[in-house]
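Protein chains in written order, with our numbering: chain A, 1 to 350; chain B, 1 to 88; chain C, 1 to 485. By construction, the Cβ of each residue, glycine as well, lies at the ideal position given by its N, Cα and C atoms. These figures come from a predicted structure and were not determined experimentally. Input: a single structure, listed below in structure tokens.
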Amino acid sequence: MRQLCKGNVAIVKAAITAGCRSYYGYPITPASEIAEYAALLIPQVGGTFLQAESEVAAINMVYGASSAGQRVMTGSSGPGLSLMQEGISYLAGAELPAVVVDVVRGGPGLGNIAPEQSDYFAVVKGGGHGNYRNIVLAPASVQDMYELTILAFELADKYRNPAVILTDGFVGQMMEPLEIEEREVKQPEKPWAVKGTAETRKNLITSIQLSADQLELHVRHLEAKYKECEKNEARYETYMADDAEILLVGYGIVSRVLRSTVDIARQHGMKLGLFRPISLWPYPSKALADTAKKCSKVMVVELSTGQMLEDVKLALNGTKPVDFYSRVGGNVPSAEEVHAEIFARMEALV
Amino acid sequence: MANQARGNVTINTDECKGCGLCVESCPPKVLHLRPELNQYGIHPAQYTGESCTGCGICFYCCPEPGAITVYRLDTKNVAREVANAAAV
Amino acid sequence: MSEYQVAQQKSPVFYDRYFRKDELQHQTHYCPGCGHGVAHKLIGEALAELGLQDRAIIVSPVGCSVFAYYYFDTGNVQAAHGRAPAVATALRRSNPESIVVSYQGDGDLAAIGTAEIIHAANRGENITVIFINNSIYGMTGGQMAPTTLIGQTSTTSPWGRRANNEGFPIHMAELLSALEAPVYIERVSLGDNKNILKARKAVRKALELQKQGAGFSMVEILSPCPTILKMDPVVARKFVNETLTKQFPLGVFRDRKPEITVVNPPQRSVAEVLGIKKETATAEEKAARKAFTHDVTMKIAGFGGQGVLLMGQLIAEMGMREHMEVSWLPSYGPEMRSGSAHCHVTLSHERIGSPLITKPQVLVAMNEISLRKFAPQMAQGGLILYNRDKVPEDFTLEGARVVCVPASEIADQIGSAKVANVVMLGALLEETECLPVETAWGVIKSFVKNEKLLAFNKEALEAGRKYVDEKVLVGACCQPDGCGY
Numbered sequence: 001m002r003q004l005c006k007g008n009v010a011i012v013k014a015a016i017t018a019g020c021r022s023y024y025g026y027p028i029t030p031a032s033e034i035a036e037y038a039a040l041l042i043p044q045v046g047g048t049f050l051q052a053e054s055e056v057a058a059i060n061m062v063y064g065a066s067s068a069g070q071r072v073m074t075g076s077s078g079p080g081l082s083l084m085q086e087g088i089s090y091l092a093g094a095e096l097p098a099v100v101v102d103v104v105r106g107g108p109g110l111g112n113i114a115p116e117q118s119d120y121f122a123v124v125k126g127g128g129h130g131n132y133r134n135i136v137l138a139p140a141s142v143q144d145m146y147e148l149t150i151l152a153f154e155l156a157d158k159y160r161n162p163a164v165i166l167t168d169g170f171v172g173q174m175m176e177p178l179e180i181e182e183r184e185v186k187q188p189e190k191p192w193a194v195k196g197t198a199e200t201r202k203n204l205i206t207s208i209q210l211s212a213d214q215l216e217l218h219v220r221h222l223e224a225k226y227k228e229c230e231k232n233e234a235r236y237e238t239y240m241a242d243d244a245e246i247l248l249v250g251y252g253i254v255s256r257v258l259r260s261t262v263d264i265a266r267q268h269g270m271k272l273g274l275f276r277p278i279s280l281w282p283y284p285s286k287a288l289a290d291t292a293k294k295c296s297k298v299m300v301v302e303l304s305t306g307q308m309l310e311d312v313k314l315a316l317n318g319t320k321p322v323d324f325y326s327r328v329g330g331n332v333p334s335a336e337e338v339h340a341e342i343f344a345r346m347e348a349l350v
Numbered sequence: 001m002a003n004q005a006r007g008n009v010t011i012n013t014d015e016c017k018g019c020g021l022c023v024e025s026c027p028p029k030v031l032h033l034r035p036e037l038n039q040y041g042i043h044p045a046q047y048t049g050e051s052c053t054g055c056g057i058c059f060y061c062c063p064e065p066g067a068i069t070v071y072r073l074d075t076k077n078v079a080r081e082v083a084n085a086a087a088v
Numbered sequence: 001m002s003e004y005q006v007a008q009q010k011s012p013v014f015y016d017r018y019f020r021k022d023e024l025q026h027q028t029h030y031c032p033g034c035g036h037g038v039a040h041k042l043i044g045e046a047l048a049e050l051g052l053q054d055r056a057i058i059v060s061p062v063g064c065s066v067f068a069y070y071y072f073d074t075g076n077v078q079a080a081h082g083r084a085p086a087v088a089t090a091l092r093r094s095n096p097e098s099i100v101v102s103y104q105g106d107g108d109l110a111a112i113g114t115a116e117i118i119h120a121a122n123r124g125e126n127i128t129v130i131f132i133n134n135s136i137y138g139m140t141g142g143q144m145a146p147t148t149l150i151g152q153t154s155t156t157s158p159w160g161r162r163a164n165n166e167g168f169p170i171h172m173a174e175l176l177s178a179l180e181a182p183v184y185i186e187r188v189s190l191g192d193n194k195n196i197l198k199a200r201k202a203v204r205k206a207l208e209l210q211k212q213g214a215g216f217s218m219v220e221i222l223s224p225c226p227t228i229l230k231m232d233p234v235v236a237r238k239f240v241n242e243t244l245t246k247q248f249p250l251g252v253f254r255d256r257k258p259e260i261t262v263v264n265p266p267q268r269s270v271a272e273v274l275g276i277k278k279e280t281a282t283a284e285e286k287a288a289r290k291a292f293t294h295d296v297t298m299k300i301a302g303f304g305g306q307g308v309l310l311m312g313q314l315i316a317e318m319g320m321r322e323h324m325e326v327s328w329l330p331s332y333g334p335e336m337r338s339g340s341a342h343c344h345v346t347l348s349h350e351r352i353g354s355p356l357i358t359k360p361q362v363l364v365a366m367n368e369i370s371l372r373k374f375a376p377q378m379a380q381g382g383l384i385l386y387n388r389d390k391v392p393e394d395f396t397l398e399g400a401r402v403v404c405v406p407a408s409e410i411a412d413q414i415g416s417a418k419v420a421n422v423v424m425l426g427a428l429l430e431e432t433e434c435l436p437v438e439t440a441w442g443v444i445k446s447f448v449k450n451e452k453l454l455a456f457n458k459e460a461l462e463a464g465r466k467y468v469d470e471k472v473l474v475g476a477c478c479q480p481d482g483c484g485y
């Protein structure tokens, strides 16, 4: 039966469903409900919740718990995520699975607590040091928060790599019906974990490879893994894209706005369609290029000054003109606003 | 022939780095740095072959996990005797 | 001739060979005379004697001992600079039977990782910290450490450490001993034979305490770094004994168990914790229920504390129970009370696109500011429910109806100002008929547990409906004079 649930809370419920019994975090608006509900719920199913002294400590606790073979999660928002970047790089380097949630707020600096999509570069392009990738999923609804968090745990384990839920203050704070059923969760064996047992005594978790040859070997190994991930895990959805003259591209909350924009525009006889990347890394580049084939123009809408825009341009590789509209600072455009903007730009061309 | 020493000590020249701490620490002063260089180009420690008490101090002062092995004729009271030797 | 028996030998906790480098598999990477090797041996011996080898996990830091895992035949986890106590915390909590040693140098523990060590100690994590204090950065080539002595030169304190510029050497054992939770903190030295054996005892005691589950223990080991201090190993050892110990006095700083009251949270099943309930309604029943509902977008606005967010949640919950698609989006801010608050609610029979409502069909304005702010956004033919008996005199609006419901006054008459939002809810349901009123009552009952408040709520819901029913004309639009026409 459905339950009315906040996006941030759905993440915690997904974690519990996925068998995550370890949460280490530090509160920050607009992600605090994740820590609060983790604190309330996870200990009741025999798990560990610990409020760390900082995001730096939190992500390193995640490193420790993951080393010990646990499904583990932390959640934060922009400023906290910046602090976690070091640890995320270590997780990727040491090939440790973990789920990190970034409920993006306005930046740079302290910015504000309103929704933005300005952490795209930091999360999708890997804000930490070194050759690594995060698996990045972008939910657009409360049900998405739940499903994609479970998927994040599965992908993190499958590829032994951090997976990030990149969402924003709106999806985190909003409430929608959430359908949950008890699921049988299969957690993979982790023979590499260090558990303090005779069986795992020979195991080592590290990201240091001092010799150039060793490190190159390791980085090539990661590279091959990422290629495999790119091949298998790109996810997206489309709406009225088949006959679209203008293809809108947006993720997360923006995809919801654009879906409404498509409806409004079609009522006015303007053929708009929507392409919504669900995985931001791997980016569904091929699907986007295919979907865009029949349209005359692509328009990216983002709550940033143009971060995902680069990936869209790379995917289309100059085959289509790419227009861009954005709002920042915590302003989220309405469907009507985007529609009016598209209309105005078409008028200007005439 | 002199009385058999209570203790004996062997030094693994593969592991010894010639720091000299065992020589300095040895209460009966029965260790010294060998005049000849080893394969690493250092002077490893060496037991003179006489009068080792088997006190074990050199073992604890040596930074290498396996460079020194200490032997005793009687290993009953090792712990106490190590402590006594250190107190000297 | 009697046979000799082995009295001291390489601990089985060390690997036979170290696979760090092809050509040097018999030696550690430490410099001749370095204290790390001695400290390693003390840990190795204690782990072996206490029978903890299989259970042990050594967390190696960043610093000279980053490669400790080449030597210890135990579980090994290498941590980021300064973060070993955080990593150790989660390792230990993940596997309570494990024995976790956080091995750290002075740069790692006392500079970059200060927060992590203080909080791990303060939480009383059941880990053992071995803290190597040699007063200098070794691995990076002799930079100043937080424990570098006043006047001691380093590559980053070329005139010697100056109290006026770099402050004083930090005393970690003393500092952590100011905390309540740690069970055992001792500072020892590798400066001479006697002190090495004291260190041996301390390391063993710390691990024994962890084995007993006693709590946080730390042994600070003053240790020689001959290479960086440019001293002969023997002289470096003397420096530890004669100079370092003057700044860092040896001794036991903490040896007692704190009083800890253990509070365990209740244990429930996953289904209970997740709030999973079996669906009882059939598809036909759902469709039938939906017939009594219709799509609407609304904005509910007012002063923080007037229950506008809750009112939106109640409506969303009602819509969901009637098998509609719903969304509730709050304006969220740092203010918990006071300030203005509003939320967007959508009830729909279709998948909802944008949850952000910029042209609401219904606006509930719980105060004048909200009325003035949001009324211009109204959709053509929209409805405004205004929490007063009449609109402000200078207020004009085209294209939307305003229905005045003095919900706060009605709530006051009922006896609880808190239920003004429910009065408004009653009015809203009566005026829009978007949802059945019995659903509202069902939802309120599951939200309000206090009997007395529930009674107020019941009265409020009825009063709101009745007001619209009796006082407001069909299709009415309130005017500043209070008349509806």
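Using a CB distance below 9 Å, the part of the region 73 to 94 of chain C facing chain A consists of D73, T74, G75, N76, V77, Q78, A79, A80, H81, G82, R83, A84, P85, A86, V87, A88, T89, A90, L91, R92, R93, S94, ordered along the chain.
Taking a Cβ-Cβ threshold of 8 Å, none of the residues of chain B is close to V66 (chain C); the smallest such distance is about 17 Å. Secondary structure at I278 (chain A): coil, using DSSP grouped into helix, strand and coil. The region 167 to 179 of chain C and the region 111 to 124 of chain C touch, with three or more beta-carbon pairs separated by less than 8 Å.
Annotated as distal: V45 (chain A) and T74 (chain A), with beta-carbon spacing of 8 Å or more. With a threshold of 8 Å between beta carbons, H29 (chain C) makes no contact with chain B.
Between the region 166 to 180 of chain A and the region 24 to 33 of chain A, the count of Cβ pairs shorter than 8 Å is three or higher; the stretches touch. Ranked by how close their Cα comes to the Cα of E45 (chain C), the residues C:K205, C:V345, C:F168 have C:K205 in first place. Closest in C-alpha terms to T261 (chain C), from the list C:V234, C:Q25, C:G124, comes C:G124. Residue environment analysis places E95 (chain A) among the buried positions, since at least 16 neighbouring C-beta atoms fall within 10 angstroms of its C-beta.
Under the three-pair Cβ rule at 8 Å, the region 101 to 116 of chain C does not count as touching the region 115 to 124 of chain A. Annotated three-state conformation of L50 (chain A) is strand, per DSSP. Cβ contact annotation for G107 (chain A) (same chain, cutoff 7 Å, sequence separation greater than five): G78, E116, S118, in chain order. Look at the beta carbons and you see the region 315 to 324 of chain C not touching the region 375 to 393 of chain C: under three pairs across the two are nearer than 8 Å. In the DSSP assignment, E216 (chain A) falls within the alpha helix (DSSP H) that extends over 212 to 232. The beta strand (DSSP E) runs of length 3 or more contained entirely in the region 36 to 94 of chain C are, from start to end of the chain, 56 to 60, 75 to 78.
Separation of K125 (chain A) and D295 (chain C) (C-alpha to C-alpha, rounded to the nearest whole angstrom) is 41 Å.
Here the alpha carbon of E433 (chain C) sits roughly 10 Å from the alpha carbon of A427 (chain C). Membership of G302 (chain C) in the beta strand (DSSP E) is indicated by the continuous run 296 to 303.
Considering only A:V254, A:E230, A:E237, A:M308, the residue with the shortest C-alpha distance to E337 (chain A) is A:V254. Residue contact check for R20 (chain C) against chain B: no CB pair falls below 8 Å.
Membership of G319 (chain C) in the alpha helix (DSSP H) is indicated by the continuous run 308 to 321. The beta carbon of T53 (chain B) does not come within 8 Å of any beta carbon belonging to chain C, so the residue lies off that interface. Rounded to whole angstroms, C62 (chain B) and I11 (chain B) show a C-alpha spacing of 10 Å.
A455 (chain C) and A288 (chain C) have their alpha carbons spaced roughly 30 Å apart.
Contacts with chain B at 8 Å (Cβ-Cβ) include G37 (chain C). Rounded to the nearest angstrom, the gap between the Cα atoms of Q212 (chain C) and R93 (chain C) is 15 Å. Under the DSSP definition of a beta bridge, M270 (chain A) lacks any partner.
Look at L41 (chain A) here: in three-state DSSP terms it is helix. For R204 (chain C), no CB of chain B lies under 8 Å from its own CB, so it is not counted at the interface with that chain.
Look at D255 (chain C) here: in three-state DSSP terms it is strand.
Straight through space, the alpha carbons of E154 (chain A) and E459 (chain C) are spaced by roughly 50 Å. Taking a 10 Å sphere around the C-beta of E49 (chain C), we find fewer than 16 other C-beta atoms and assign the residue as exposed.
Using a CB distance cut-off of 8 Å, V6 (chain C) counts as an interface residue toward chain B. Using a CB distance cut-off of 8 Å, V30 (chain B) does not count as an interface residue toward chain C. Interface annotation, K195 (chain A): in contact with chain C, CB-CB separation under 8 Å.
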